[in-house]
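Single-structure report; data block below.
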Amino acid sequence: MPEFVIRSFRRDDRDQLTRLVNAHIAAVIPGVPVSVNTVLSQLERRPAEVIIDPWVIERVTLVAEQAGAVVAAAHLLRYGAGREVSDDYRDAGVLEWFVAANFAARRLGRRVPDGRGAGGRPVALRPGRFLVATRRDRPRPRLSRP
31 MPEFVIRSFR RDDRDQLTRL VNAHIAAVIP GVPVSVNTVL SQLERRPAEV IIDPWVIERV
91 TLVAEQAGAV VAAAHLLRYG AGREVSDDYR DAGVLEWFVA ANFAARRLGR RVPDGRGAGG
151 RPVALRPGRF LVATRRDRPR PRLSRP
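When we follow the numbering used here, the leftmost residue of the sequence shown carries the number 31, and every step to the right adds one.
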């Protein structure tokens, strides 16, 4: 089986990413697909999220490609280190969402079973402290007081 290539999301990945997202949605709510525009909007700023979104200083979407097909994707957020950012989010990164084709999820999971890289160090994209949590597990922010 060909190896995975992990790379940044490109605009021409949008249709494959949307199909992958819709496959996950169909497992829970059959017959309710989302559009390409809906998926792409999840990769951008969220103006309606007035407390947490302004703290985000970097958004990165990575895809796993195998034999020319996008088989997995992850959207990561990195929060700033300023005083305006809550302690729970300050200088942290969050795995906002992850989707994968069933076969790819099993194979990717075998490669990094505990989320640690060589030498047992936590896997991180950039130097610094990274908090990896799902939306459901994300700590509630404490509002910074002026």
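Where is the CB? At the ideal position from N, CA and C, for every residue including glycine.
DSSP bridge partner residues for residue i (one or two, in chain order)
i      : result
Phe128 : Ala104
Val86  : Tyr109
Three-state class that DSSP yields for residue i in the structure shown
i      : result
Ile59  : coil
Arg37  : strand
Arg120 : coil
Gln46  : helix
Pro32  : coil
Leu92  : strand
Ala111 : coil
Ala99  : strand
Ser71  : helix
Ala78  : coil
Val64  : coil
Alpha carbon of residue i to alpha carbon of residue j, nearest angstrom
i      : j      : result
Ala122 : Ile87  : 10 Å
Glu95  : Val80  : 34 Å
Gln72  : Leu47  : 12 Å
Val62  : Arg113 : 42 Å
Pro77  : Val124 : 18 Å
Tyr109 : Glu126 : 12 Å
Phe34  : Trp85  : 32 Å
Pro32  : Thr68  : 31 Å
Asp42  : Ala111 : 33 Å
Arg37  : Phe128 : 14 Å
Closest residue to residue i among the options (Cα-Cα distance)
i      : options                         : result
Val90  : Val64, Ser65, Asn52 and Ala103  : Ala103
Arg49  : Trp85, Gly110, Val100 and Phe39 : Val100
Asn132 : Val51, Gly98 and Asn67          : Val51
Leu92  : Glu74, Arg44, Leu106 and Gly98  : Leu106
- Specify whether the region 104-121 and the region 51-62 touch according to this definition: at least 3 beta carbon pairs, one from each stretch, less than 8 Å apart. no
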